[in-house]
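Notes follow the structure.
Protein chains: 2
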Amino acid sequence: MYHHHVESLLQGIVDSRTENTLHGALSAAREAMGFHHFAVSYDLRTIEHDAATVLLHDYPAEWAKVYVSFDLAGKDPVRRACDKTLYGFEWGNLADLIPMTPGDRQMLAIGREVGVADGYTTPRHIPGEGSGSCSFVVSESTALPRTMLFTAEILGAVALGAARSILVGRQRVTKPVISDRQRECILWSARGKTAGETGTILGISEETVIQHLKLARERYDVHTRQSLVLSALFDGIIGFRDIFRGRWRPK
Amino acid sequence: MYHHHVESLLQGIVDSRTENTLHGALSAAREAMGFHHFAVSYDLRTIEHDAATVLLHDYPAEWAKVYVSFDLAGKDPVRRACDKTLYGFEWGNLADLIPMTPGDRQMLAIGREVGVADGYTTPRHIPGEGSGSCSFVVSESTALPRTMLFTAEILGAVALGAARSILVGRQRVTKPVISDRQRECILWSARGKTAGETGTILGISEETVIQHLKLARERYDVHTRQSLVLSALFDGIIGFRDIFRGRWRPK
DNA sequence: AGAACCCTCCCCAGTTCTTGGTATGCCCCC
DNA sequence: GGGGGCATACCAAGAACTGGGGAGGGTTCT
Chain A
35 MYHHHVESLL QGIVDSRTEN TLHGALSAAR EAMGFHHFAV SYDLRTIEHD AATVLLHDYP
95 AEWAKVYVSF DLAGKDPVRR ACDKTLYGFE WGNLADLIPM TPGDRQMLAI GREVGVADGY
155 TTPRHIPGEG SGSCSFVVSE STALPRTMLF TAEILGAVAL GAARSILVGR QRVTKPVISD
215 RQRECILWSA RGKTAGETGT ILGISEETVI QHLKLARERY DVHTRQSLVL SALFDGIIGF
275 RDIFRGRWRP K
Chain B
35 MYHHHVESLL QGIVDSRTEN TLHGALSAAR EAMGFHHFAV SYDLRTIEHD AATVLLHDYP
95 AEWAKVYVSF DLAGKDPVRR ACDKTLYGFE WGNLADLIPM TPGDRQMLAI GREVGVADGY
155 TTPRHIPGEG SGSCSFVVSE STALPRTMLF TAEILGAVAL GAARSILVGR QRVTKPVISD
215 RQRECILWSA RGKTAGETGT ILGISEETVI QHLKLARERY DVHTRQSLVL SALFDGIIGF
275 RDIFRGRWRP K
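Residue numbers (the numbering used here), protein chains in the order written: chain A, 35 to 285; chain B, 35 to 285.
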């Protein structure tokens with residue numbers, strides 16, 4: 035598999051704007067890499083389980099049916115392992131990531147029988163937004179194409195990005211302009227500091243901090259500090275990693 | 035760069051069990067890929083108050099000093115962008131991911147002057163556990179080695195995994211248990227409702243809402259509503275989609 | 001030289017939060 | 001049957017926040 039070949043597969047995935055074209059691009063990719071099936075899903079974090087999920091796969095119909103029941107029961111070990119790792123894993127190494135129950139092994143055994151024998155799954159998460167995973171799978175009696183796992187990792191991640199774009203949409207709303215000083219105040223507020231404490235930290239008066247937060251609230255048209263912090267976080271004005279920094283963090 | 039070369043670099047990173055060996059392995063990797071610097075950090079959300087961060091880099095000393103002050107102020111746009119993407123990004127595309135403030139541009143400009151000009155950063159998150167990122171950087175007057183970005187993505191992810199292992203080995207992470215009613219109260223609070231309003235919405239008294247929020251704060255050991263909402267959001271107890279349902283998207 | 005921001009500081013009135021209590025009733029589990 | 005968790009409800013004091021004013025000094029752009 036040559037580099038330019040990977041590039042073209044990748045381009046096909048990146049260019050996907052609908053679930054259908056993404057499905058086609060992934061079929062081509064898994065074929066070229068020597069896998070027999072693929073599955074990609076991305077879930078936006080919501081309370082209601084409405085249309086905030088994308089699920090594409092070319093699993094055998096009989097497996098898809100069985101799988102849904104397992105998954106709904108929260109019994110899929112692959113899915114659980116996705117919350118325990120930073121990058122892709124082979125199903126053969128599942129036991130290193132999570133404790134495997136008899137039910138888990140049973141599920142994998144059933145899969146093997148219907149042509150979903152072994153696989154490589156790459157997970158991705160965005161805090162506060164959602165999670166997803168992309169799996170490339172081989173049938174029984176076929177070894178996992180190990181030289182392709184890096185490629186599977188990359189293509190899987192890009193596929194998840196495409197699925198996410200389809201779900202989230204690409205609309206870019208105009209955002210309020212927040213000044214640097216305002217953002218600092220929001221950040222310290224997000225870290226749980228009061229206006230007075232923030233003033234001390236920044237070397238300005240409490241009144242000034244209140245003023246910055248006041249104007250920032252007006253920009254976002256919100257009326258509470260919680261909403262202000264969330265809006266700034268959602269917009270990327272501040273980030274989780276800025277907030278949960280080193281030594282102060284909550285229990 | 036041959037495949038077996040990547041393999042050996044990767045093996046060196048995977049085998050790292052201490053910060054020192056990981057530092058060495060990453061130096062070798064960034065060198066082989068044609069980058070001038072690297073930086074990897076992983077932050078754990080911990081129960082204990084001690085620092086739960088791994089930070090390794092070979093940035094110029096002058097930049098490291100400047101950077102810390104920017105970073106403590108939460109001014110690093112790269113870090114913020116990490117919460118907005120599923121896989122790595124070039125710094126040149128930062129503006130596509132987050133709004134850039136004058137302060138952000140200033141920070142990047144200073145970086146350019148001291149040899150931290152352009153880079154590729156790959157982020158990773160594990161809900162309820164922590165987040166990290168790995169950057170490979172070039173100096174001014176050198177183009178980003180674009181054919182190496184896939185490799186950087188893979189090696190970066192593996193480096194984060196190694197950093198995480200080093201960190202998790204000495205920390206304990208547990209997620210606070212939040213009851214359903216508590217979560218509802220947190221959610222309405224995140225939506226900008228007061229305790230009184232939330233009580234009306236849920237059909238319970240204001241005092242009860244206050245009590246739920248009080249216990250939830252204790253669980254997280256935070257003292258403000260902002261911090262409570264953020265903790266729940268980061269842990270996946272609530273999600274942006276839950277909060278921004280229907281009426282008000284940030285303007 | 002205005003206009004338009006941004007940063008800084010101040011006052012005040014009213015509302016809301018935070019923290020410390022107490023209390024009842026309902027589960028489930030050992 | 002008692003302990004523990006949960007949901008509900010109430011009280012009270014003090015701290016913090018919100019929204020309405022005003023005001024001076026700075027930069028940047030036209």
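Yeah, the Cβ is synthetic: ideal placement off N, Cα and C, and Gly gets one too.
#1: Taking only heavy atoms of the ligand ADP into account, decide whether any of them is closer than 7 Å to the Cβ of B/Ala98.
#2: Expressed to the nearest angstrom, what Euclidean distance is found between the alpha-carbon atoms of B/Glu124 and B/Asp130?
#3: Should A/Asp49 be flagged as near chain B, meaning a C-beta pair shorter than 8 Å?
#4: Between the Cα of A/Val171 and those of A/Phe278, A/Val211, A/Phe69, spot the shortest distance and give me the residue it belongs to.
#5: Roughly how many angstroms separate the alpha carbons of A/Ala63 and A/Pro157, rounded to a whole number?
#6: Taking the Cβ atom as the reference point for each residue, do B/Val148 and B/Leu128 lie within a distance shorter than 8 Å?
#7: Return the Cβ separation of A/Leu262 and A/Arg251 in integer angstroms, given the expectation that the two are a contact with Cβ distance under 8 Å.
#8: Could you tell me which residues DSSP puts in a beta bridge with A/Pro157?
#9: Could you check whether B/Glu240 and B/Gly226 sit closer than 8 Å to each other, using their CB atoms as the reference points?
#10: Tell me the rounded alpha-carbon separation between A/Val40 and A/His57.
#11: Residues of chain B with a CB under 7 Å from the CB of A/His159: which are they?
#12: Touch check for the segment 42–56 of chain A and the segment 195–203 of chain A: three-plus C-beta pairs under 8 Å?
#13: Name the residues in the segment 237–260 of chain A whose C-beta lies less than 7 Å from a C-beta of chain B; which are they?
#14: Taking the beta strand (DSSP E) that A/Ala73 falls in, what are its first and last residues?
#15: For A/Val263, which residues in chain B fall below 8 Å Cβ to Cβ?
#16: Give me the Cα-Cα distance between B/Gly233 and A/Pro179, rounded to the nearest whole angstrom.
#17: Check for me: the alpha helix (DSSP H) holding A/Leu120 runs from which residue to which?
#18: Are the C-beta atoms of B/Tyr101 and some chain A residue less than 8 Å apart?
#19: Report the three-state DSSP secondary structure of A/His57 (helix, strand or coil).
#20: Going by Cα to Cα distance, which pick from B/Ala196, B/Leu264, B/Gly126 is closest to B/Ala143?
#21: What does DSSP give as the partner residue(s) for A/Glu174 in the beta ladder?
#22: Closest Cβ-Cβ distance between A/Ile81 and chain B: below 8 Å?
#23: Taking the straight line between their C-alpha atoms, what separation do you get for B/Gly122 and A/Thr185?
#24: In whole angstroms, what is the alpha-carbon distance linking A/Ile244 and B/His91?
#25: In the DSSP assignment, find the unbroken alpha helix (DSSP H) run with A/Thr185 in it and report its ends.
Working from what's here:
#1: The ligand ADP is absent from the structure shown, which contains no ligand whatsoever.
#2: Counting from 1 along the second sequence, the entry for residue 124 of chain B is found at position 90. Counting from 1 along the second sequence, the entry for residue 130 of chain B is found at position 96. Taking the straight line joining both Cα atoms gives about 10 Å.
#3: Position 15 of the first sequence, counted from the start, is the residue given in the question as residue 49 of chain A. A/Asp49 does not count as touching chain B.
#4: On the first sequence, position 137 is the one that residue 171 of chain A refers to. Ranking A/Phe278, A/Val211, A/Phe69 by Cα distance to A/Val171 puts A/Phe69 first.
#5: Against the first sequence, residue 63 of chain A aligns to sequence position 29. Against the first sequence, residue 157 of chain A aligns to sequence position 123. When only Cα atoms are considered, A/Ala63 and A/Pro157 end up about 18 Å apart.
#6: Stepping through the second sequence from its first residue, residue 148 of chain B is reached at position 114. Stepping through the second sequence from its first residue, residue 128 of chain B is reached at position 94. No; because the gap between Cβ atoms is not below 8 Å, this pair is not in contact.
#7: For the purposes of this step, residue 262 of chain A is taken as residue 228 along the first sequence, with counting starting at 1. For the purposes of this step, residue 251 of chain A is taken as residue 217 along the first sequence, with counting starting at 1. Taking the Cβ atoms as the reference, A/Leu262 lies roughly 5 Å from A/Arg251, within the contact range of under 8 Å.
#8: Within the first sequence, numbered from 1, the residue matching residue 157 of chain A stands at position 123. Per DSSP, the beta bridge partners of A/Pro157 are A/Ser167.
#9: Position 192 of the second sequence, counting from 1, holds the residue named residue 226 of chain B. Position 206 of the second sequence, counting from 1, holds the residue named residue 240 of chain B. Going by C-beta atoms, B/Gly226 is not nearer than 8 Å to B/Glu240.
#10: On the first sequence, position 6 is the one that residue 40 of chain A refers to. On the first sequence, position 23 is the one that residue 57 of chain A refers to. Taking the straight line from one Cα to the other gives about 17 Å.
#11: Translated into the one-based positions of the first sequence, residue 159 of chain A becomes position 125. Result: His159, Ile160, Pro161.
#12: With contact defined as three or more Cβ pairs closer than 8 Å, the segment 42–56 of chain A and the segment 195–203 of chain A are in contact.
#13: Answer set for the segment 237–260 of chain A: Tyr254, Asp255, Val256, His257, Thr258, Arg259, Gln260.
#14: Within the first sequence, the letter at position 39 stands for residue 73 of chain A. That run of the beta strand (DSSP E) goes 71–78.
#15: On the first sequence, position 229 is the one that residue 263 of chain A refers to. The answer, in chain order, is Gln260, Val263, Leu264.
#16: Here residue 233 of chain B refers to the residue found at position 199 when the second sequence is read from its first residue. Here residue 179 of chain A refers to the residue found at position 145 when the first sequence is read from its first residue. So the two alpha carbons sit approximately 57 Å from each other.
#17: Stepping through the first sequence from its first residue, residue 120 of chain A is reached at position 86. Taken as a continuous stretch (DSSP letters only), A/Leu120 belongs to no alpha helix (DSSP H), as it is neither H nor E.
#18: Mapped onto the second sequence, residue 101 of chain B falls at position 67. Taking Cβ atoms only, chain A never reaches closer than 8 Å to B/Tyr101, which makes this a no.
#19: The residue labelled residue 57 of chain A in the question sits at position 23 within the first sequence. Here A/His57 sits in helix by DSSP.
#20: The count along the second sequence starts at 1 and reaches residue 143 of chain B at position 109. The residue with the shortest Cα to Cα distance from B/Ala143 is B/Gly126.
#21: The residue given as residue 174 of chain A occupies position 140 in the first sequence. Paired residues: none, contrary to the question.
#22: Translated into the one-based positions of the first sequence, residue 81 of chain A becomes position 47. With a pLDDT of only 49 at A/Ile81, under 50, the local geometry of the prediction cannot be trusted, and no value is derived from it.
#23: The residue you call residue 122 of chain B lines up with position 88 of the second sequence. The residue you call residue 185 of chain A lines up with position 151 of the first sequence. Our two residues, B/Gly122 and A/Thr185, have alpha carbons roughly 15 Å apart in a direct line.
#24: Against the first sequence, residue 244 of chain A aligns to sequence position 210. Against the second sequence, residue 91 of chain B aligns to sequence position 57. Distance between the alpha carbons of A/Ile244 and B/His91: 37 Å.
#25: Position 151 of the first sequence, counted from the first residue, corresponds to residue 185 of chain A. That run of the alpha helix (DSSP H) goes 183–202.
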